[in-house]
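Working notes for the structure below.
2 protein chains.
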Amino acid sequence: MSITIKKIAELSNVSRGTVDRVIHNRGGVSEENRKKIEYIIKKYNYKSNRHAQGLVNSKKTFRVGVVINNIGNEFFDYVLEGLMYEANKSSNINLIIKNFKGYDEEKQIEAIDSIMKENIQALIINPFNTKKVIEKLSQIKIPIVLMNNDIDIEKLAFVGCDYYNSGQLSGDIANIALPSGGNVAIIVGSYKIRGHVERIEGFKDAFKSKGKQVQTFENQDDDEQSYLLTKDIILSNGYDLIYYAAAGISGGLKAIAETGSKIKVITVDETKAVRKALAEGKILATITQQPYKQGSRSLQIVRDYLVYNSKPLDVQNMTGNRVHLKNMKFPVEK
Amino acid sequence: MSITIKKIAELSNVSRGTVDRVIHNRGGVSEENRKKIEYIIKKYNYKSNRHAQGLVNSKKTFRVGVVINNIGNEFFDYVLEGLMYEANKSSNINLIIKNFKGYDEEKQIEAIDSIMKENIQALIINPFNTKKVIEKLSQIKIPIVLMNNDIDIEKLAFVGCDYYNSGQLSGDIANIALPSGGNVAIIVGSYKIRGHVERIEGFKDAFKSKGKQVQTFENQDDDEQSYLLTKDIILSNGYDLIYYAAAGISGGLKAIAETGSKIKVITVDETKAVRKALAEGKILATITQQPYKQGSRSLQIVRDYLVYNSKPLDVQNMTGNRVHLKNMKFPVEK
DNA sequence: CTGAAAGCGCTTACAG
DNA sequence: CTGAAAGCGCTTACAG
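Chains A and B, in that order, are what the protein sequence lines are. The number in this note's numbering is simply the position in the first sequence, starting from 1, with 1 added. The number in this note's numbering is simply the position in the second sequence, starting from 1, with 1 added.
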C-alpha cells in the first residue's frame with residue numbers, strides 16, 4: 002500500500018490541492034513548498050491510486066484520433082478491430098477515425114490535417130516513413146502512438162513486431178522443410194521498406210542453404226506483378242521454396258495453382274486467402290505478428306496515459322511473432 | 002456510461018444501502034423492494050463501476066491459497082512465477098502457497114487440508130484427477146480455480162491448454178519434416194493421463210504417415226525409462242521421428258546424444274534442456290502452452306471475483322498453443 | 001427490514 | 001500562491 006496524497010499533504014503541512022498541483026506540474030506553487038513536497042513524494046515512493054484516478058475521470062470524455070489505411074487492406078482491418086474492441090471497454094473514450102486506401106503520402110497528410118481539427122487528445126497512426134509525414138507529425142503537441150511501422154519522431158510509444166525475427170522464423174521452417182538445403186526465392190514489396198529488408202536478412206541468417214542459392218525479388222506489393230514473378234520462378238524450375246515476406250501473396254498463390262506446382266511456400270500474416278491456402282496444405286506455415294493486439298495495445302497505452310497519467314515502461318512495445326500452421330486454432334489474441 | 006446505484010435507489014425509492022443488499026444478495030430486504038430493485042437493475046442494465054469497487058476494496062486484504070507441485074518441476078515453476086507476478090500488482094492480495102514435489106495424491110490432499118486452515122478466500126490448484134482429490138475439493142465452499150489440469154468439480158474457472166490441438170500442431174510440423182510420410186514414435190507418460198492421450202490423438206489426426214507406422218510408448222514421466230526407451234527406438238532403426246508428448250524429455254535427449262542419432266525430434270513445453278536442444282538444432286520444434294500465463298490468468302480470475310465481484314465469461318479459459326522454433330524470441334507472455 | 005453518514009484516494013472548481 | 005469543500009460510485013458500520 003503506497004502513501005496517499007492526503008498523507009503527503011499532512012507531512013508537508015500543505016493542502017491536498019497543493020500536492021496535486023506539484024504531482025501534475027500544474028504550476029502556481031511556491032519553490033519552497035514544491036521542494037518539500039517533491040522530497041516527500043520521492044522519500045515515500047508515492048504511486049497514484051489507479052482506481053481513484055479512474056473514478057474521478059469516469060465523468061470526463063477523451064477523444065482519441067486514429068489515422069489508418071485499412072481500406073482494402075485486411076491486415077489493417079484486424080488492427081483496427083483490436084483498437085475498437087479495446088476502446089469499447091471504456092465508455093468515456095471516443096474514437097475519431099480517418100481511414101483511407103493505399104500508401105499515398107498525400108492522403109495520409111490530409112488525414113492528419115483533418116483529424117487534428119477534431120479536438121483530439123491523442124493520436125494513433127500507422128505512419129508512412131516519408132519526410133513530409135515525419136515533418137507533419139513532429140509539429141504535433143499531443144501524444145502519438147505509432148502502430149506497425151516505426152519512424153524517427155518523438156512518440157509516446159511504438160507498437161509493432163520484430164521483422165528480423167519474423168524472417169528468422171521463416172528460415173527455421175525452411176530448415177525443417179529442406180533439411181538438405183535448397184534454392185529459395187524471397188519476394189518482398191520493395192527493398193526501400195525497412196521491414197521487408199529486415200525479413201530478408203532474418204531469413205538468410207537462419208536458413209542453411211548448404212551451398213544453394215537464395216534469391217530476392219520485388220513485387221511492389223502488387224498481386225499482378227507477384228503473379229507474373231511467381232510464374233517465372235516456377236517455370237525456371239530452379240527453386241525449392243518461395244518465401245513471400247510481404248503483400249502480393251494471393252497473386253502468387255494463383256500462379257502456383259495454375260501451374261500445378263508443388264513448390265513449398267512460407268508466407269507472412271494471415272489474410273483469408275492465406276488461411277485458406279494453409280488449411281488446404283498449400284502453405285507450410287505463415288509467420289504472423291498479432292495484428293489485433295497491435296491495435297488493442299496501442300489503445301491501452303493511450304488510455305493509460307490519458308486516464309491514469311502513466312506512460313508505458315518502454316517506448317518500444319513489441320508484439321510477438323507467431324508460427325501459424327495448418328491446425329492452428331483461433332481466435333486471435335486481443 | 003451505465004446507471005449508478007444512487008440512481009437505482011432514487012428510481013426505486015429506497016436507500017443506496019438497500020440497493021447494495023440486493024445486488025450482493027446480502028438478504029434482509031423485503032420481497033417487494035427486492036423485486037422493484039431487481040426490475041430496475043435489469044431494465045437499465047446496471048454494471049458496477051470497477052474503479053469504485055476497487056477503491057472501496059483497496060483497504061481490505063484478500064488471502065488466496067495456491068496448491069502446486071512445482072518443486073523439481075520447471076514447468077510449474079513458470080506457472081507459479083506468472084501467478085506471483087500478477088499477485089504483486091495488487092498490494093492487497095496475499096498469496097498463501099503450499100507446494101510439494103511429485104504426483105502423490107496424499108501429498109496433495111495434505112496440502113489442501115493444511116491450506117484450508119489458513120483462512121483463505123479462494124483456492125488456485127493444479128489438481129490431480131483422482132477420486133480422493135475430487136471428493137476433497139467438492140467439499141470446499143470458497144471459489145476454486147483449476148490450473149493446467151481440468152477435473153470434474155464445480156469451479157470458478159479452468160485455465161489450461163487444448164491438448165488435442167497441441168498434438169495436431171506437432172503433426173503439422175511432422176508433415177513439414179517428413180513430406181513423404183514416415184515411422185513415428187510417440188512417447189507419453191501414461192495412457193491414464195487425459196492430456197497425454199489427447200496429444201496422441203491430435204498428432205495422429207494431423208500427421209500423414211502415408212502408409213507407415215505411428216507407435217506409442219509410455220515412460221511414466223521418468224527420465225531413466227525415457228532414456229532406455231529412446232535407446233531401443235533408435236537401435237531398432239525403424240523410426241524417422243520421435244514426438245515426446247510429456248515429461249522425460251531430457252532422458253530421451255541424452256540417449257539420442259549418446260547414440261549420435263540424427264533422428265528428428267518434436268517436444269512439448271520449454272524447459273531449459275529443451276531450449277538448449279532447440280538452439281543446438283537437436284529439436285525441430287516444441288509446442289508450448291503459455292505456462293506463465295496459466296498462472297497470471299488464474300490470479301486475474303480470482304482477483305476479478307474477490308475485488309470486482311465478477312466472474313469470467315467462460316469457465317473454460319484456454320491458453321494458446323505456441324510453436325517455438327530455434328530462433329523464437331523471448332520473453333514469454335505474462 | 002431500512003436509511004443516513006462516513007470513507008476509499010483522487011480531482012475540480014471556487015474563494016481568498 | 002493556497003486551502004476547504006464537494007464529488008466520482010461504491011461499501012461499511014451503525015442506529016433505529
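Each residue gets a CB set at the ideal place from its N, CA and C atoms; glycine is no exception. Bear in mind the structure is a predicted one, so any value in this text is a computation, not a measurement.
Could you tell me how far apart the beta carbons of residue i and residue j are, in whole angstroms, since I believe they sit closer than 8 Å?
| i | j | result |
| --- | --- | --- |
| Cys162/A | Thr320/A | 5 Å |
| Val324/A | Leu170/A | 6 Å |
| Leu242/A | Ala178/A | 7 Å |
| Asn322/B | Val160/B | No, Asn322/B and Val160/B are not in contact; Cβ-Cβ is about 14 Å, not under 8 Å. |
| Tyr47/A | Ser91/A | Not confirmed; about 25 Å, so no contact. |
Could you check the C-alpha separation between residue i and residue j for me, to the nearest Å?
| i | j | result |
| --- | --- | --- |
| Val198/A | Asp315/A | 25 Å |
| Pro144/B | Ile121/B | 10 Å |
| Gly103/A | Lys44/B | 46 Å |
| Arg35/B | Ile9/B | 12 Å |
| Leu255/A | Asp223/A | Checking the sequence, you will find Lys at residue 255/A rather than Leu. When rounded, the distance between both Cα atoms is 13 Å. |
| Tyr79/B | Gln291/B | 9 Å |
| Thr260/A | Lys108/A | 38 Å |
| Val20/A | Gly203/A | 51 Å |
| Ile94/B | Gly18/B | 26 Å |
| Gly296/B | Ser167/A | 27 Å |
| Ser237/B | Ser227/A | 48 Å |
| Lys156/A | Tyr306/A | 12 Å |
| Asp173/A | Val269/A | 14 Å |
| Gly55/A | His52/B | 6 Å |
| Ile257/A | Ala247/A | 17 Å |
| Gly252/B | Ala280/B | 18 Å |
| Val15/B | Val57/B | 22 Å |
| Ile284/A | Asn328/A | 12 Å |
| Lys193/B | Ile201/A | 47 Å |
| Arg27/A | Lys37/A | 16 Å |
| Leu230/A | Gln221/A | 11 Å |
| Asn70/A | Lys61/A | 29 Å |
| Asn149/B | Met85/B | 16 Å |
| Gln214/B | Asp151/B | 31 Å |
Using C-beta distances below 8 Å, list every residue in its chain close to residue i, excluding the 5 sequence neighbours before and after it, in chain order.
| i | result |
| --- | --- |
| Gln301/B | Glu87 |
| His25/B | Asn310 |
| Ser181/B | Lys211 |
| Asn74/B | Lys102 |
| Gly29/B | Arg22 |
Thinking C-alpha only, which one of the options is nearest residue i?
| i | options | result |
| --- | --- | --- |
| Asn184/B | Phe208/B, Gly203/B, Ile194/B | Phe208/B |
| Val275/A | Ile234/A, Asp206/A, Phe76/A | Phe76/A |
| Glu106/B | Ile94/B, Glu119/B, Glu136/B, Val160/B | Glu136/B |
| Asp153/B | Phe129/B, Asn310/B, Ile24/B | Phe129/B |
| Arg195/A | Leu138/A, Arg27/A, Gly252/A, Thr131/A | Thr131/A |
| Asp206/A | Leu138/A, Lys330/A, Tyr164/A, Lys37/A | Tyr164/A |
| Glu400/B | Ser91/B, Ile187/B, Phe63/B | The structure shown does not extend to residue 400/B, since chain B is modelled only from 2 through 335, so no value can be given for it. |
| Glu334/A | Tyr293/A, Lys213/A, Lys60/A | Tyr293/A |
| Ile98/B | Ala123/B, Ser91/B, Lys90/B | Ala123/B |
| Ser59/A | Asn50/B, Lys61/B, Ser59/B | Asn50/B |
| Val308/A | Val30/A, Gly29/A, Phe63/A, Ser31/A | Phe63/A |
| Leu232/A | Lys213/A, Gln214/A, Ile264/A | Rather than Leu, the amino acid found at residue 232/A in this sequence is Lys. When each option's Cα is compared against that of Lys232/A, the closest is Ile264/A. |
| Ser139/B | Lys330/B, Asn70/B, Asp114/B | Asp114/B |
Is residue i near residue j, with beta carbons less than 9 Å apart?
| i | j | result |
| --- | --- | --- |
| Ala175/B | Tyr240/B | no |
| Ile126/B | Leu96/B | no |
| Gly282/B | Gly190/B | no |
| Arg304/B | Gly83/B | no |
| Asn100/B | Ile72/B | yes |
| Leu326/A | Ala286/A | yes |
| Ala112/B | Val65/B | no |
| Ile235/A | Ser262/A | yes |
| Lys133/B | Ile116/B | no |
| Glu33/B | Val23/B | no |
If I measure Cβ to Cβ from residue i and keep anything under 6 Å in the same chain, skipping five residues before and after, which residues do I get?
| i | result |
| --- | --- |
| Pro313/B | Ala158, Ile302 |
| Gln216/A | Ala186 |
| Ile41/A | Ile9, Leu12, Ser13 |
| Ser31/B | none |
| Lys420/A | Residue 420/A is absent from the structure shown; chain A starts at 2 and stops at 335. |
Grab me the residues of residue i's own chain with a C-beta within less than 7 Å of its C-beta, minus the 5 sequence neighbours each way, in chain order.
| i | result |
| --- | --- |
| Ile6/B | Arg17, Val20, Asp21 |
| Val119/B | For clarity, residue 119/B is Glu in the given sequence; the question names Val instead. Contacts found: Arg64, Gly66, Ile97. |
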